[in-house]
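Quick notes on the structure that follows.
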Amino acid sequence: METNARAAERGFLRRIRRLSRWRVAFLLPSAGLVVAALLHAAQWVTSWISTAVARAQGAGDACSDLVDTLSVDPDAIEIEDRAPSGFVCRASVDSGTAMVEHSGATSAMFMFSMAFAALSVAVLLGVLIAFAVTRLLGLYRSPLAEPGRDRWPLRLIAIGVFVLSLMMLGQYFQWYAKSDGFGICPESVGGDDVLGFSVTADYLPPALTCSGDSVTGQEFSVTQHGFPFYGFIAGLILAVLGVVLLIVARARKRQR
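If you want this note's numbering, it's the 1-based position in the sequence shown plus 723.
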């Protein structure tokens, strides 16, 4: 048994050694996306469990903050499921609607899953773009690129792809710097204070979206474009222009 275990271990190490650097570079961010997906699934499960426990305990115990602070009748409190973000205690009071959000561990899981997902996507896009740049450089140095004719289109494509990679990384750092919602999320919606929010990052094209709800349950969503968006557009234009010029140059070459 011990011999078989050692043989299996050696075989596993040999397979790892056979992986090229590019394969390892692709596998690492892919593993990060898997971890993010598992954390997000755990967030849903945790949210369902916390809601079920709160309903089993009753509004008097689960929503004690409303009962003790505002002297709300427990029978008038409604426990709403807000999966994957826990649950909300809502009740009608003289001044309007009182609502308290209970996110618990789901908030930490959300932040970790978003961090893993954003970092993995940024790294994966960086690896993909770096792989494309190396292949373009190989084509640039090959005899297929005629001096003075095909080299400028290839230069434009390489510059555009490089700018795209920088913007993907810039988008991740922008999300990390503004994940607290400062400068994106509003302080009030329709005159009501914001109860909770979350900031998500989109990469194609780059944008930050703040979504949440107010104390009265009114949902909102605000999207903001920063410098990564405009840099992404500029890099895309350069890459497309290079491709068009390269196609035109090759078409003229064939006609001759």
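Cβ coordinates follow ideal geometry from the N, Cα and C atoms, glycine included.
These numbers were taken from a predicted model, which means no experiment stands behind them.
Find the nearest neighbour of A775 within the set L756, I802, F749, L789, judged by alpha-carbon distance. I802
Taking Cβ positions, are F920 and G940 nearer each other than 9 angstroms? no
When the Cα atoms are used, what is the spatial distance from Q897 to A972? 39 angstroms
Measuring alpha carbon to alpha carbon, tell me which of I852, I882, V966 ends up nearest W745. I852
Around the Cβ of S944, are there at least 16 other Cβ atoms within 10 angstroms (buried) or fewer (exposed)? exposed
Closest to Y953 by C-alpha separation, out of M890, L969, V967, would be which residue? M890
Let's test the definition: count the other Cβ atoms within 10 Å of the Cβ of V768 and tell me whether it reaches 16, buried, or not, exposed. exposed
Is the segment 808-816 touching the segment 827-838, taking contact as three or more C-beta pairs under 8 angstroms? yes
Can you look up H763 in the DSSP assignment and give me helix, strand or coil? helix
Going by the CB atoms, is the gap between R813 and S770 shorter than 9 angstroms? no
Locate the beta strand (DSSP E) running through L968, then write down its first and last residues. Segment 950-978 is the alpha helix (DSSP H) holding L968; no beta strand (DSSP E) there.
Grouping DSSP H, G and I as helix and E and B as strand, with all else coil, what is V938? coil
Rounded C-beta distance between F839 and V758? I'm assuming under 8 angstroms. 5 angstroms
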